[in-house]
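The next block holds one structure in the form of structure tokens; read it before the comments.
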Amino acid sequence: MFITRFAPSPTGDLHRGHAFSALTAFEAARAAGGRFILRIEDIDATRCRPQFETGIYEDLAWLGLTWETPVRRQSEHLDDYQAALARLEVDGLLYRCFRTRREVAEAMASAPHGAMEVFRGRPLPLAEEMRRLTAGEPFAWRLSLDAAARKLGGFGDLAFTEEGEGVIQARPELGGDVVLARKDVGVAYHLAVTVDDALQGITHVIRGRDLFEATHVQRLLQALLGLPTPLYRHHALLTGPDGKRFAKRDRAETLRSLRDRGMSPATLRRELGFD
Numbered sequence: 031m032f033i034t035r036f037a038p039s040p041t042g043d044l045h046r047g048h049a050f051s052a053l054t055a056f057e058a059a060r061a062a063g064g065r066f067i068l069r070i071e072d073i074d075a076t077r078c079r080p081q082f083e084t085g086i087y088e089d090l091a092w093l094g095l096t097w098e099t100p101v102r103r104q105s106e107h108l109d110d111y112q113a114a115l116a117r118l119e120v121d122g123l124l125y126r127c128f129r130t131r132r133e134v135a136e137a138m139a140s141a142p143h144g145a146m147e148v149f150r151g152r153p154l155p156l157a158e159e160m161r162r163l164t165a166g167e168p169f170a171w172r173l174s175l176d177a178a179a180r181k182l183g184g185f186g187d188l189a190f191t192e193e194g195e196g197v198i199q200a201r202p203e204l205g206g207d208v209v210l211a212r213k214d215v216g217v218a219y220h221l222a223v224t225v226d227d228a229l230q231g232i233t234h235v236i237r238g239r240d241l242f243e244a245t246h247v248q249r250l251l252q253a254l255l256g257l258p259t260p261l262y263r264h265h266a267l268l269t270g271p272d273g274k275r276f277a278k279r280d281r282a283e284t285l286r287s288l289r290d291r292g293m294s295p296a297t298l299r300r301e302l303g304f305d
């Protein structure tokens with residue numbers, strides 16, 4: 031069975047890059063006689079908005095995509111992520127990190143000769159940790175690469191298959207001790223995506239090349255949680271006339287605006303290479 035997904039975050043309107051990624055996954059599932067799943071990754075309560083989620087459904091339907099219902103919304107399944115987080119904690123693979131983003135950046139910048147390219151930390155002494163917890167200081171749960179390496183006997187056996195490239199050696203150490211949850215948010219991206227892909231039976235992850243490095247971290251989480259590893263296809267990123275990839279932060283022209291000015295979905299599909 032071939033099962034793939036498109037998993038946008040409702041933090042803005044979709045643009046051509048999203049359309050290309052969604053169509054790539056949808057057409058792959060259709061060609062294989064498989065299933066196409068839409069997932070809404072809305073764990074960032076400060077940036078996600080209901081109107082953007084509604085816009086996702088409207089834009090994808092306009093493109094001619096269909097998907098299974100009900101749609102999984104991450105905000106409705108926090109218990110699933112907490113269960114995975116608790117398992118990692120019991121296995122001694124997590125630690126509380128009380129440093130702010132700014133303090134992490136400063137620690138990395140002040141490392142001698144740029145040695146600290148990614149963040150690596152360690153648990154605080156118990157008395158210090160309890161003092162900070164009692165004071166109500168915010169913290170993040172980080173995955174300890176050192177503890178993970180001890181549990182797995184190193185990362186030498188970690189690998190995943192990339193379509194067109196073959197077996198890729200996973201190198202989760204390149205990501206450092208990633209954040210898996212914050213005190214104010216029950217889960218962070220890497221853990222939520224890994225758990226969701228397993229629970230939804232995703233066999234093929236088809237997404238942009240910008241997420242290739244994330245696969246290395248997610249492969250480690252799969253190993254630590256005993257979850258299956260899908261096949262991966264990281265497609266090239268769609269770029270505009272200026273050579274820059276389309277991005278929400280750069281206010282790329284949205285699918286909504288294309289619809290409003292009368293572009294047909296057939297025209298956009300042809301433009302994106304989907305006849």
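If you're matching positions, the sequence shown starts at 31 in this note's numbering and goes up one per residue.
Glycine is no exception: its CB is placed at the ideal position from the N, C-alpha and C atoms.
Own chain residues within Cβ distance below 8 Å of residue i, not counting five before or after
{"i": "Asp-72", "result": "Ser-39, Pro-40, Cys-78, Glu-83, Arg-103, Gln-104, Ser-105"}
{"i": "Arg-212", "result": "Pro-168, Phe-169, Ala-170, Trp-171, Ala-218"}
{"i": "Arg-299", "result": "Leu-53, Leu-93, Gly-94, Asp-305"}
Close-in-space but distant-in-sequence residues of the same chain around residue i (CB under 6 Å, 5 per side omitted)
{"i": "Val-247", "result": "Pro-202, Gly-205, Val-208, His-220"}
{"i": "Gly-122", "result": "Ala-177"}
Per-residue burial, residue i [other beta carbons within 10 Å of its own, 16 or more giving buried]
{"i": "Thr-259", "result": "buried"}
{"i": "Gly-151", "result": "buried"}
{"i": "Thr-245", "result": "buried"}
{"i": "Thr-34", "result": "buried"}
{"i": "Arg-237", "result": "buried"}
{"i": "Arg-180", "result": "exposed"}
{"i": "Ser-174", "result": "buried"}
Nearest-angstrom Cα separation, counted from residue j out to residue i
{"i": "Asp-280", "j": "Leu-156", "result": "Residue confidence for Asp-280 is low, a pLDDT of 48 falling below 50, so the modelled location carries little weight; the figure read from the coordinates is stated next. Distance between the alpha carbons of Asp-280 and Leu-156: 44 Å."}
{"i": "Leu-90", "j": "Val-101", "result": "13 Å"}
{"i": "Arg-60", "j": "Ala-52", "result": "12 Å"}
{"i": "Asp-187", "j": "Ala-253", "result": "10 Å"}
{"i": "Val-215", "j": "Val-223", "result": "15 Å"}
{"i": "Ser-294", "j": "Gln-230", "result": "32 Å"}
{"i": "Phe-242", "j": "Ile-86", "result": "24 Å"}
Proximal residues to residue i (C-beta, below 7 Å), its chain only, five neighbours per side dropped
{"i": "Val-225", "result": "Asp-110, Tyr-111, Ala-114"}
{"i": "Ala-228", "result": "Leu-257, Pro-258"}
{"i": "Val-148", "result": "Leu-204, Gly-205, Gly-206"}
{"i": "Phe-190", "result": "Ile-198, Ala-200, Thr-245, Arg-249, Thr-259, Tyr-262"}
{"i": "Val-134", "result": "Phe-149"}
{"i": "Glu-98", "result": "Arg-65, Ile-67"}
{"i": "Asp-240", "result": "Leu-267"}
Problem - Given 8 Å, three or more beta-carbon pairs between the stretch 127-136 and the stretch 155-175 - result: yes
Exercise for the section: Within the stretch 31-103, note down every full alpha helix (DSSP H) run reaching 4 residues or more, in order along the chain. Expected result: 46-61, 80-93
Handout entry: Entirely enclosed beta strand (DSSP E) segments - the stretch 206-280, minimum 3 residues
Key = 209-212, 234-238, 261-265
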